[in-house]
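Peer 1: Position one of the sequence shown corresponds to residue 2 (the numbering used here), numbered consecutively onward. Glycine is no exception: its CB is placed at the ideal position from the N, C-alpha and C atoms. Given the structure is predicted, the values throughout are model-derived calculations rather than measurements.
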Amino acid sequence: MKNKLLTLWFAFAVMFTASSGVSASNSVLYKLSFPNVENQEISLSEYKGKVVLLNFWATWCPPCVKEMPSMERLHQKFAGQDFEIVAISAGETQAAVESFMMELDTELTFPILLDEKGRTFNELGIRGLPMSFLFDRNGKLVRTISGSREWDEQREVKLIESVLKP
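#1: Note the first and the last residue of the continuous alpha helix (DSSP H) segment covering residue 133.
#2: Residue 68: buried (16+ other C-beta within 10 angstroms of its C-beta) or exposed?
#3: Quick check: the stretch 118 to 134 against the stretch 143 to 158, are there 3 or more CB pairs under 8 angstroms?
#4: Since I believe residue 87 is in contact with residue 53 (beta carbons under 8 angstroms), could you give me their beta-carbon distance rounded to a whole number of angstroms?
#5: If you measure between the beta carbons of residue 153 and residue 75, is that distance less than 7 angstroms?
#6: For residue 51 versus residue 104, is the C-beta spacing smaller than 7 angstroms?
#7: For residue 97, which of 81, 110, 58, 70 has the nearest alpha-carbon?
#8: Please list the terminal residues of the continuous beta strand (DSSP E) segment that includes residue 161.
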């Protein structure tokens, strides 16, 4: 309980101190790398040439948890296309994320990365969770999305389809 309270405090502290002038761009996107839950370092440069939905979340955040199954359905809908969802747990330990994933009813097949120190709050100007960034194939930021979504609803699917068009 103490660890979750510290994580919550950290997230809110960073949320209110993050620079609002920072934005996600390809110059930042492809320089980021994080370990996955298997402790393998994954560079976001591996996703060059793909449309990327970069989602920041936490296990203690109810809207974050609620949107995970719809993100998985969106991931399945666009399987085999140049589209990837990458979810980065902000400010939580590997053990907390692994425990959460084992308890979740829906298996998540998209990459889950760990930002245990919460450095992305400052690097990308994240002001709250969940927060997502949609990048085109060239790493250009298309949209910043604050708050949760039902990612497999028609509006969100059409947005992804429009960015996937050549």
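Peer 2: The short version:
#1: For the purposes of this step, residue 133 is taken as residue 132 along the sequence shown, with counting starting at 1. Unbroken run through residue 133 is the beta strand (DSSP E), 132 to 136; no alpha helix (DSSP H).
#2: Along the sequence shown, read from residue 1 onward, the residue named residue 68 stands at position 67. Using a 10 angstroms sphere on the CB of residue 68, the tally of other CB atoms reaches 16 or more, which defines it as buried.
#3: A contact exists between the stretch 118 to 134 and the stretch 143 to 158.
#4: As a working mapping, residue 53 is identified with position 52 in the sequence shown. As a working mapping, residue 87 is identified with position 86 in the sequence shown. With a contact defined as Cβ atoms closer than 8 angstroms, residue 53 and residue 87 qualify at about 6 angstroms.
#5: Mapped onto the sequence shown, residue 153 falls at position 152. Mapped onto the sequence shown, residue 75 falls at position 74. A contact, by the Cβ cut-off of 7 angstroms.
#6: As a first step, residue 51 is located in the sequence shown; it is residue number 50 there, counting from the start. As a first step, residue 104 is located in the sequence shown; it is residue number 103 there, counting from the start. Cβ distance not < 7 angstroms, so residue 51 and residue 104 don't count as in contact.
#7: Mapped onto the sequence shown, residue 97 falls at position 96. Ranking 81, 110, 58, 70 by Cα distance to residue 97 puts 58 first.
#8: Residue mapping note: residue 161 aligns to position 160 of the sequence shown, counting from 1. Boundaries around residue 161 are those of the alpha helix (DSSP H), 155 to 165, since no beta strand (DSSP E) includes it.
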